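Take any residue in the sequence shown, count from 1 to its spot, add 246: that is its number in our numbering.
Beta carbons are placed, not taken as given, at the ideal position from N, Cα and C, and that holds for glycine.
Predicted model, so just to flag it, every value in this text is computed and none were measured.
Take a look at the structure below.
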Amino acid sequence: MRTQIYDVAELNEEALRNIDVAGKILAEGGLVAFPTETVYGLGANAMNPAAAADIYLAKGRPSDNPLIVHIADISQLEKLASGQMEVALALAEAFWPGPLTMILPKQKCVPDVTTGGLNTVAVRMPQDAAALELIRRAGVPVAAPSANLSGRPSPTAGAHVIQDLFGRVDVILTGNDCRIGIESTILDLTGEKAVVLRPGLLTPEELGTVLGYIPEIDPGILKKPGSEEGQNPAPRAPGMKYKHYAPKAPMEIFSGDPRRVRQAIADKKAAAEAEGKAVGVILFEENAFERAAHDLFARLRDMDDRGVDLILAGAVNDRDSKGFALMNRMLKSAGYRITHV
Ligand code: TXA
Ligand code: MG
Numbered sequence: 247m248r249t250q251i252y253d254v255a256e257l258n259e260e261a262l263r264n265i266d267v268a269g270k271i272l273a274e275g276g277l278v279a280f281p282t283e284t285v286y287g288l289g290a291n292a293m294n295p296a297a298a299a300d301i302y303l304a305k306g307r308p309s310d311n312p313l314i315v316h317i318a319d320i321s322q323l324e325k326l327a328s329g330q331m332e333v334a335l336a337l338a339e340a341f342w343p344g345p346l347t348m349i350l351p352k353q354k355c356v357p358d359v360t361t362g363g364l365n366t367v368a369v370r371m372p373q374d375a376a377a378l379e380l381i382r383r384a385g386v387p388v389a390a391p392s393a394n395l396s397g398r399p400s401p402t403a404g405a406h407v408i409q410d411l412f413g414r415v416d417v418i419l420t421g422n423d424c425r426i427g428i429e430s431t432i433l434d435l436t437g438e439k440a441v442v443l444r445p446g447l448l449t450p451e452e453l454g455t456v457l458g459y460i461p462e463i464d465p466g467i468l469k470k471p472g473s474e475e476g477q478n479p480a481p482r483a484p485g486m487k488y489k490h491y492a493p494k495a496p497m498e499i500f501s502g503d504p505r506r507v508r509q510a511i512a513d514k515k516a517a518a519e520a521e522g523k524a525v526g527v528i529l530f531e532e533n534a535f536e537r538a539a540h541d542l543f544a545r546l547r548d549m550d551d552r553g554v555d556l557i558l559a560g561a562v563n564d565r566d567s568k569g570f571a572l573m574n575r576m577l578k579s580a581g582y583r584i585t586h587v
């Protein structure tokens, strides 16, 4: 497939013309990758089953893993979803456009391919100006998972998307690096109380200011998937059960007192280098969660590009809700290999 690449970092006349072309391609069933404030998305017309199915093919993604439907206007929400709309609209007013995805019962018009066969739908209004313009010009809701090949770290720069999807999609819109850098917070509103299915930089405490209570985290994501069979419920967001974000090299995390962590990483690095291995180290500044989220996936991809044999990382403080979201991604990247020192 021939892939067009358009730079939309600045929304000048040329960029708007190209976004218009991309919008038409989306409306007609094509695939368009685009920047959002969290990570890049791989978009298709959410109301067109064949187009949505093409996303799974382009990504190499299991088709039981549902897609997030992106909208450009809050009024589109009621056409796609039903259920606790009063709560959903209050959250939308407070946090959209932004890194919040809400799960609600789906309306009939949403195709099963888009929701991976579920009777619920995930909806989000992204904040990136190019993304909003694209969705408006497409004139349809846009189903979009992260624009990486399945299993690779989510893309936070145009170059990452080109690396993964060139030749597999019709258009790649490249913009500035994603401001946030990890995926949106997913909040399930189908039960009596809201539940966080995927943590993100929008925290349960912030959601609590609108909900009137702090939502719980889905217990299914607190442990390694498949561990303690029988006691550990499956994650309720199907995507959270898959191995994710994995760099090519094995990754190990060290947690505990920061000085001991640094020492353990230095020792392990020296030992691996003595065996002739190339070692990459990820140590974020303490409590600088936003900076760390912004950098994490790009750092992992950079290590892949440099061909390192081993990645050693220091844990971040997961008692902080932003730190918890970050650790969720880091643990998945490391296949849950973590050592307390
Ligand atoms: O920040 C984001 O959310 C990015 C950008 C592109 O918007 N998108 C993203 O999509 O991360 P994706 O496909 O990589 O992750 C979507 C997650 C998956 O874990 C999926 O299982 C879950 O959302 N999901 C989608 N629909 C769902 C539903 N109806 N019920 C439960 N989980 C759902
Ligand atoms: Mg993803």
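Nonlocal neighbours in the same chain, by C-beta distance under 6 Å from residue i, ignoring five residues either side
i	result
R389	Per the sequence presented here, residue 389 reads as Ala, with Arg not at that position. A290, A292, A298, L313, V315, T360, listed in sequence order.
I432	T347, L443, R444, A483
M371	I317, W342, P343
D374	P281, T282, E283
N264	Y252
D564	F570, M573
Which of helix, strand or coil DSSP assigns to residue i
i	result
S567	helix
G522	coil
S328	coil
K352	strand
A389	strand
T420	strand
M293	coil
I511	helix
G276	coil
I381	helix
E452	helix
Y252	strand
E429	coil
D550	helix
Distance between residue j and residue i (C-alpha atoms, nearest Å)
i	j	result
Y582	K469	9 Å
G560	G275	44 Å
I271	S392	19 Å
G287	L277	10 Å
R545	I317	30 Å
C355	E259	34 Å
K352	K325	9 Å
G404	D423	7 Å
G192	S430	Residue 192 cannot be examined here, being either before or after the span of the chain that is shown, 247 to 587.
V367	Y252	30 Å
R307	F535	29 Å
V285	E438	30 Å
D266	S321	22 Å
D464	A520	42 Å
I557	L257	38 Å
V456	M331	14 Å
Buried/exposed call for residue i, threshold 16 Cβ in 10 Å
i	result
A539	buried
E462	exposed
H406	buried
K568	buried
L572	buried
M247	exposed
G458	exposed
A296	exposed
G413	exposed
R575	buried
L303	exposed
Proximal residues to residue i (C-beta, below 7 Å), its chain only, five neighbours per side dropped
i	result
D310	G362, G363, P484
V554	A495, A524, V525, G526
G446	P345, I428, E429, S430, T431, A571
Cβ distance (whole Å) where residue i is taken to contact residue j below 8 Å
i	j	result
L419	A268	6 Å
V587	R506	5 Å
T436	I349	6 Å
S598	K305	Within the shown structure, residues of the chain are numbered from 247 to 587, placing residue 598 beyond reach of any answer.
L493	D550	One detail in the question is off: residue 493 reads as Pro in this sequence, not Leu. Rounded, the Cβ-Cβ distance is 5 Å, consistent with contact.
T585	F530	So it is not a contact: roughly 17 Å between Cβ atoms.
Close beta carbons around residue i, own chain, < 8 Å, minus the five adjacent residues each side
i	result
L380	I265, A268, G269, L272, V278, F280, G289, V388, L419
Test: residue i CB closer than 8 Å to a CB of chain B
i	result
E260	Protein chains in the displayed structure number just one, and chain B is not present.
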